[in-house]
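With this note's numbering, the residue at position 66 of the sequence shown is 52, and numbering never jumps.
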Amino acid sequence: MMDYFPNKVQWKNTVKSAVRRHEQSQWLQRMAVDPDFGRFKTIHCEVTTPSMIWAAANTSTGLLHKAKFIARLCTLPFKQSDMPIECSKCKKLYRDEIVHFFASCSAVSGKRSLFWDCVINEYPVTFSSWLHNLCDDDLTNTLLGKRPDIDLSGIDYLQFLCTVIKTWYTTADQYV
């Protein structure tokens, strides 16, 4: 009769695995129906692993506090408009606020130049040219932690995300 009941370790594993499956199911269901998670679900594909921005911030002292400003950009409600919206900082028209922030807002052009100088000076030319040739949406998603679909041999991707955090955190905090 005792053989029918799992021991304590087996029971804990059974419960943990059932909770994990339930949480993942709930996470996927919410992501599928809530349009505010549009950008987030593109960037962060797995419930069981932390966001790449948070993983990068954990590799360097003092970055966790700064990473929250970049992570917040990823989790803001997805505001993509059919009608162009005028930027309050630079007066240009945009359809996606976060893409505009990273790719074209002239109010942050100085920060953008510093970022590109850093990328060009610290990373292989193949990576910097690949990054520069991305469309604005893909560039934004990459800067927010979406893992690139290219071979990153020779590139420490987490270190690259640390560069993103260090370069953009103060501006991200003031921008949105």
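Glycine included, C-beta positions come from ideal geometry on N, C-alpha and C.
Is the beta carbon of residue j closer than 8 Å to that of residue i?
i, j, result
"Cys60", "Arg6", "no"
"Ala93", "Lys75", "yes"
"Leu130", "Ile71", "no"
"Thr28", "Lys132", "yes"
"Cys73", "His86", "yes"
Taking all protein chains shown into account, do 16 or more other C-beta atoms lie within 10 angstroms of the C-beta of residue i, making it buried, or fewer, making it exposed?
i, result
"Asp142", "exposed"
"Lys77", "exposed"
"Tyr80", "buried"
"Ala4", "exposed"
"Phe(-9)", "exposed"
"Leu62", "exposed"
"Asp135", "exposed"
"Val1", "exposed"
"Ala18", "exposed"
"Asp68", "exposed"
"Lys(-6)", "exposed"
"Lys52", "buried"
If you compare alpha carbons, which of the options is closest to residue i?
i, options, result
"Cys91", "Thr157, Cys104, Tyr109, Arg58", "Thr157"
"Val100", "Met17, Ser3, Trp154", "Note that residue 100 corresponds to Leu in the displayed sequence, not to Val. Measuring from the Cα of Leu100, the nearest candidate turns out to be Trp154."
"Phe146", "Cys121, Asp159, Ile106", "Ile106"
"Lys163", "Asp20, Asp22, Gln(-4), Gln160", "Look at the range of the chain in this structure, -13 to 162, and you will see that residue 163 is not part of it."
"Asp82", "Gln15, Asn(-1), Asp22, Lys(-2)", "Asp22"
Using a Cβ-Cβ distance under 8 Å, would residue i count as near chain C?
i, result
"Ile141", "The structure shown contains no chain C; it is built from a single protein chain."
Return yes when at least one heavy atom of the ligand FAD lies under 7 Å from the C-beta of residue i, else no.
i, result
"Gln10", "The model on display carries no ligand, and the ligand FAD is accordingly not part of it."
Checklist entry - Is the number of C-beta pairs between the stretch 0 to 20 and the stretch 32 to 42 that are closer than 8 Å three or more? => result yes
Checklist entry - Should the stretch 35 to 42 be called in touch with the stretch 143 to 158, which here means at least 3 C-beta pairs below 8 Å? => result yes
Item to check | Touch test, the stretch 103 to 112 against the stretch 120 to 128, Cβ-Cβ under 8 Å, three pairs minimum | outcome: no
Checklist entry - At which residue ranges does the stretch 46 to 118 contain complete beta strand (DSSP E) runs of 3 or more residues, listed in the order of the chain? => result 66 to 72, 79 to 82
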